[in-house]
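Q:
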Amino acid sequence: MLSIGLIQHYNRYCCTYRSYVPNVCEIWGIYSWNKWWRKTNIPLFNRAQTGHRSLLLLTTHRANMMVGFRSCLVVQWLALAAVLGTVFGLGEDLDRPLFGPPGSPIRLHESDPGLKKALEFAEERYNRGSNAMHLRRVSRLISATKQLVKGIRYTITVEVSNTQCKKSTMLRTCDFYPESQKLKTELCMFEVWDVPWQGTSTLLKQKCQPKVEVEETNKVEDSSTSQSPEESVELLGQFKEFMAKYNKVYSSQEEADRRLRIFHENLKTAEKLQSLDQGSAEYGVTKFSDLTEEEFRSTYLNPLLSQWTLQRPMKPASPARGPAPASWDWRDHGAVSPVKNQGMCGSCWAFSVTGNIEGQWFLKNGALLSLSEQELVDCDGLDQACRGGLPSNAYEAIEKLGGLETETDYTYTGQKQRCDFTTRKVAAYINSSVELSKDEKEIAAWLAENGPVSVALNAFAMQFYRKGVSHPFKIFCNPWMIDHAVLMVGYGERKGMPFWAIKNSWGEDYGEQGYYYLYRGSNACGINRMCSSAVIN
Numbered sequence: 001m002l003s004i005g006l007i008q009h010y011n012r013y014c015c016t017y018r019s020y021v022p023n024v025c026e027i028w029g030i031y032s033w034n035k036w037w038r039k040t041n042i043p044l045f046n047r048a049q050t051g052h053r054s055l056l057l058l059t060t061h062r063a064n065m066m067v068g069f070r071s072c073l074v075v076q077w078l079a080l081a082a083v084l085g086t087v088f089g090l091g092e093d094l095d096r097p098l099f100g101p102p103g104s105p106i107r108l109h110e111s112d113p114g115l116k117k118a119l120e121f122a123e124e125r126y127n128r129g130s131n132a133m134h135l136r137r138v139s140r141l142i143s144a145t146k147q148l149v150k151g152i153r154y155t156i157t158v159e160v161s162n163t164q165c166k167k168s169t170m171l172r173t174c175d176f177y178p179e180s181q182k183l184k185t186e187l188c189m190f191e192v193w194d195v196p197w198q199g200t201s202t203l204l205k206q207k208c209q210p211k212v213e214v215e216e217t218n219k220v221e222d223s224s225t226s227q228s229p230e231e232s233v234e235l236l237g238q239f240k241e242f243m244a245k246y247n248k249v250y251s252s253q254e255e256a257d258r259r260l261r262i263f264h265e266n267l268k269t270a271e272k273l274q275s276l277d278q279g280s281a282e283y284g285v286t287k288f289s290d291l292t293e294e295e296f297r298s299t300y301l302n303p304l305l306s307q308w309t310l311q312r313p314m315k316p317a318s319p320a321r322g323p324a325p326a327s328w329d330w331r332d333h334g335a336v337s338p339v340k341n342q343g344m345c346g347s348c349w350a351f352s353v354t355g356n357i358e359g360q361w362f363l364k365n366g367a368l369l370s371l372s373e374q375e376l377v378d379c380d381g382l383d384q385a386c387r388g389g390l391p392s393n394a395y396e397a398i399e400k401l402g403g404l405e406t407e408t409d410y411t412y413t414g415q416k417q418r419c420d421f422t423t424r425k426v427a428a429y430i431n432s433s434v435e436l437s438k439d440e441k442e443i444a445a446w447l448a449e450n451g452p453v454s455v456a457l458n459a460f461a462m463q464f465y466r467k468g469v470s471h472p473f474k475i476f477c478n479p480w481m482i483d484h485a486v487l488m489v490g491y492g493e494r495k496g497m498p499f500w501a502i503k504n505s506w507g508e509d510y511g512e513q514g515y516y517y518l519y520r521g522s523n524a525c526g527i528n529r530m531c532s533s534a535v536i537n
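Each residue of the sequence shown is one higher than the last, beginning at 1 in full-length UniProt numbering.
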């Protein structure tokens, strides 16, 4: 940045006058002047890079006006103000993406205190989501970086192995198994987002697979990097069929080639999902098969859902008056509107909430309405529109607004616009909201008695889901890493396999006519962790 360069220039100029300003001129390199700076271990220059732009321009202007001691002092302390503005989140550009790239990733040494803290947090969440008997911890650090993104995002690749301790033991005191076959080492990638000034950490991503499998895969890829002519022809045919079915058009041949490579990798991922699924699900080509995992996550998912500290408290729902019937589906009773499509906008939270209110309004008033998600995207000041939101916030926003308009009156566009809410067009209102039990039997009983439920889950297996009952292993679908909000409309069994019927918001060409079926009874993918409903008196 030009302004940063000018600040550095004046720092060098000013530092030739050390007899006048012996300490201030060292501000860019000194970390020991304050214990807080030593704790954070973040270079000041990287902090200043993410500071408020207008403040840096002001710094440049003052630097051009003044020379000597006073100039140096002004430049240094305005630079420090830019730093502090970044650290405490002051003056930030509110339109900047939550996980955008304001600074390049910095490689970390294993002794970095922030990295140690992030690893301990990742280990704790990993073990909490694992159904293994023994604790597992990091046995080797392979690589680690950090990036300043409204906090610090750590990207860590490690090996994780079995210890000899049961889960009730303190992890740091646990030794690894001496026998290599009992270690069951996995190669894991964690992404941890740490916000030091809020005291919060969030596990954004966890991806693990057995180390042996990775090594064998690498051997195969190294021995033969090219496909046979028959395989290449088959792959190209699959890709052309995919493009025709989903009306895919690419801007150039280079882009088409890139999407073909991604498509090929995703086919292999779908095959792995298929081999690891415990249910009856079929995984394969979907309309998302030309997207990288990162593209899919940033466009269609909602990382805010895993930030428990942001949730607004709700009253607990009264339990159902009786036990759950063997099966129930609100689609058979007229309480569910047709499947909608959120498009390339992370507004799943809005669709989950409007779907719930549509069902509640139908049960109270006998009319099934299609309510406006766009009203929430535009007018809900508690959430972040296409960058994610929380159902608990959405309920409160609807109460404050006075209700929801219909889809016809306030049409969905898939991007944030100026709020155009009109009170006289309100078609449905709510009085409050409640949080359901986390027991799946109690959730089923409440749903059958009271209507469809707003829920959220880990969407690990959803990108390539085609049909059937999905049942990923818990270690791959961590219940604490919730990133997608949906609507639970019913439950039942298929060939003895219990399931939840889930209305998604990715269009009718996703899954089974827009629905995703998830195994019921094991809290799969955290489906029980965020169940809620509006209340209409």
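No residue lacks a Cβ here, since even glycine has one placed at the ideal position from N, Cα and C. Bear in mind the structure is a predicted one, so any value in this text is a computation, not a measurement.
#1: Specify the secondary structure class of residue 360 as computed by DSSP and reduced to three states.
#2: Out of curiosity, what's the CA-to-CA distance linking residue 515 and residue 483?
#3: In or out: residue 389 buried (at least 16 other Cβ within 10 Å) or exposed?
#4: Taking the alpha carbon of residue 438 as the reference point, which residue from 316, 409 and 465 has its own alpha carbon closest?
#5: With H, G and I counted as helix, E and B as strand and the rest as coil, what does DSSP make of residue 109?
#6: Per DSSP, which residues does residue 486 bridge with? Please list them.
#7: Check whether the region 312 to 326 and the region 442 to 459 touch, using three or more Cβ-Cβ pairs below 8 angstroms as the test.
#8: First and last residue of the beta strand (DSSP E) that includes residue 386?
#9: Based on the DSSP secondary-structure assignment, which residues constitute the bridge partners of residue 502?
#10: Find the nearest neighbour of residue 193 within the set 372, 204, 161 and 299, judged by alpha-carbon distance.
#11: Using 10 angstroms around the beta-carbon of residue 245, count the other beta-carbons present and answer buried if the total reaches 16, otherwise exposed.
#12: What residues in its chain sit with their C-beta under 7 angstroms from that of residue 521, if we drop five residues either side in the sequence?
#13: Compare the beta carbon distance of residue 376 and residue 358 with 8 angstroms and say whether it is the shorter of the two.
#14: Restricting to runs no shorter than 4 residues, where is the alpha helix (DSSP H) found entirely within the region 239 to 290?
#15: Leaving aside the five residues before and after residue 417 along the sequence, list all residues of the same chain whose C-beta is less than 6 angstroms from its C-beta, in chain order.
#16: In the region 313 to 376, which residue ranges form an unbroken alpha helix (DSSP H) of at least 4 residues, counting only runs that do not cross its ends?
#17: Taking the alpha carbon of residue 140 as the reference point, which residue from 149, 146 and 158 has its own alpha carbon closest?
#18: Residue range of the alpha helix (DSSP H) that residue 159 falls in?
#19: I believe residue 137 touches residue 163 by the beta-carbon criterion, under 8 angstroms. Please report the beta-carbon distance rounded to the nearest angstrom.
#20: In whole angstroms, what is the alpha-carbon distance linking residue 470 and residue 505?
#21: Helix or strand or just coil, what does DSSP make of residue 443?
#22: Could you give the DSSP three-state label for residue 398: helix, strand or coil?
#23: Measure how close the beta-carbons of residue 459 and residue 530 come, nearest whole angstrom, since I'm counting them as under 8 angstroms.
#24: Is the beta carbon of residue 252 closer than 8 angstroms to that of residue 392?
#25: Distance, Cα to Cα, residue 112 vs residue 270?
#26: Can you have a look at residue 241 and say buried or exposed, based on whether 16 or more other CB atoms are within 10 angstroms of its CB?
#27: Using the three-state DSSP reduction, which class does residue 524 fall into: helix, strand or coil?
#28: Where does residue 202 fall in DSSP's three states?
#29: Spatial neighbours of residue 528 within its chain, please: CB distance less than 6 angstroms, with the 5 preceding and 5 following residues excluded, ordered by chain position.
#30: Mark residue 197 as exposed unless 16 or more other C-beta atoms lie within 10 angstroms of its C-beta, in which case mark it buried.
#31: Please state the DSSP three-state secondary structure of residue 411.
#32: Got a sec, what are the start and stop residues for the beta strand (DSSP E) residue 190 sits in?
#33: Hey, is residue 372 close to the ligand MN, as in C-beta under 7 angstroms from one of its heavy atoms?
#34: What is the rounded straight-line gap between the Cα of residue 133 and the Cα of residue 126?
#35: Pull up the distance between the alpha-carbon of residue 374 and that of residue 518, whole angstroms please.
#36: Taking the beta carbon of residue 486 as the centre, do at least 16 other beta carbons fall within 10 Å, making it buried, or is it exposed?
A: This is what the structure gives:
#1: Counting from one through the sequence shown, the residue named residue 360 turns up at place 360. DSSP places residue 360 in helix when its eight states are reduced to three.
#2: Looking up residue 515 in the sequence shown gives position 515. Looking up residue 483 in the sequence shown gives position 483. One C-alpha to the other measures close to 17 angstroms.
#3: Counted from its first residue, the sequence shown places residue 389 at position 389. Its Cβ being crowded by 16 or more others within 10 Å, residue 389 is buried.
#4: On the sequence shown, position 438 is the one that residue 438 refers to. Selected option, being the one with the closest Cα: 316.
#5: Here residue 109 refers to the residue found at position 109 of the sequence shown. Residue 109 falls in the coil class under three-state DSSP.
#6: Within the sequence shown, the letter at position 486 stands for residue 486. In the DSSP output, where bridge partners are listed per residue, residue 486 has 455.
#7: yes
#8: Locating residue 386 in the sequence shown gives position 386, counting from the first residue. Looking at the DSSP string, residue 386 is not in any beta strand (DSSP E), and its letter there is neither H nor E.
#9: Numbered from its first residue, the sequence shown carries residue 502 at position 502. In DSSP, residue 502 forms a bridge with 488 and 516.
#10: Residue mapping note: residue 193 aligns to position 193 of the sequence shown, counting from 1. Nearest C-alpha to residue 193: 204.
#11: As a working mapping, residue 245 is identified with position 245 in the sequence shown. Counting Cβ neighbours within 10 Å, residue 245 comes out exposed, since fewer than 16 surround it.
#12: Here the question's residue 521 lines up with position 521 in the sequence shown. Hits under 7 angstroms: 440 and 498.
#13: The sequence position of residue 376 within the sequence shown is 376, counting from 1. The sequence position of residue 358 within the sequence shown is 358, counting from 1. In this structure, residue 358 does not lie closer than 8 angstroms to residue 376 by Cβ.
#14: 253 to 276
#15: Position 417 of the sequence shown holds residue 417. So the qualifying residues of the chain are 378.
#16: 348 to 365
#17: Within the sequence shown, residue 140 is the residue found at index 140, counting from 1. The option with the nearest alpha carbon to residue 140 is 158.
#18: Within the sequence shown, numbered from 1, the residue matching residue 159 stands at position 159. Premise fails: residue 159 lies in the beta strand (DSSP E), 152 to 166, not in any alpha helix (DSSP H).
#19: Working through the sequence shown from its first residue, we reach residue 137 at position 137. Working through the sequence shown from its first residue, we reach residue 163 at position 163. Yes, residue 137 and residue 163 are in contact; Cβ-Cβ is about 6 angstroms, under 8 angstroms.
#20: Here residue 470 corresponds to residue number 470 of the sequence shown, with the count starting at 1. Here residue 505 corresponds to residue number 505 of the sequence shown, with the count starting at 1. Roughly 17 angstroms between the two C-alpha positions.
#21: Here the question's residue 443 lines up with position 443 in the sequence shown. Reduced to three states, the DSSP call for residue 443 is helix.
#22: Within the sequence shown, residue 398 is the residue found at index 398, counting from 1. DSSP places residue 398 in helix when its eight states are reduced to three.
#23: Reading the sequence shown from its first residue, position 459 is the one you call residue 459. Reading the sequence shown from its first residue, position 530 is the one you call residue 530. Contact doesn't hold; Cβ gap of about 13 angstroms is too wide.
#24: As a position in the sequence shown, residue 392 is number 392, starting the count at 1. As a position in the sequence shown, residue 252 is number 252, starting the count at 1. Cβ atoms of residue 392 and residue 252: not closer than 8 angstroms.
#25: Your numbering for residue 112 matches position 112 in the sequence shown. Your numbering for residue 270 matches position 270 in the sequence shown. So the alpha carbons of these two residues sit roughly 37 angstroms apart.
#26: Here the question's residue 241 lines up with position 241 in the sequence shown. Label assigned to residue 241: exposed.
#27: Here the question's residue 524 lines up with position 524 in the sequence shown. If DSSP states are grouped into helix, strand and coil, residue 524 belongs with the helices.
#28: Indexing the sequence shown from 1 puts residue 202 at position 202. It is a strand residue.
#29: Translated into the one-based positions of the sequence shown, residue 528 becomes position 528. 438 and 440, listed in sequence order.
#30: Residue mapping note: residue 197 aligns to position 197 of the sequence shown, counting from 1. Exposed, because fewer than 16 other Cβ atoms sit within 10 Å of the Cβ of residue 197.
#31: Indexing the sequence shown from 1 puts residue 411 at position 411. It is coil, neither helix nor strand.
#32: Here residue 190 refers to the residue found at position 190 of the sequence shown. Per DSSP, residue 190 belongs to the beta strand (DSSP E) from 186 to 195.
#33: Ligands displayed in this structure: none; no statement on the ligand MN is therefore possible.
#34: Counting from 1 along the sequence shown, the entry for residue 133 is found at position 133. Counting from 1 along the sequence shown, the entry for residue 126 is found at position 126. When rounded, the distance between both Cα atoms is 13 angstroms.
#35: As a working mapping, residue 374 is identified with position 374 in the sequence shown. As a working mapping, residue 518 is identified with position 518 in the sequence shown. Distance between the alpha carbons of residue 374 and residue 518 is about 28 angstroms.
#36: Locating residue 486 in the sequence shown gives position 486, where the first residue counts as 1. Buried is the call here.
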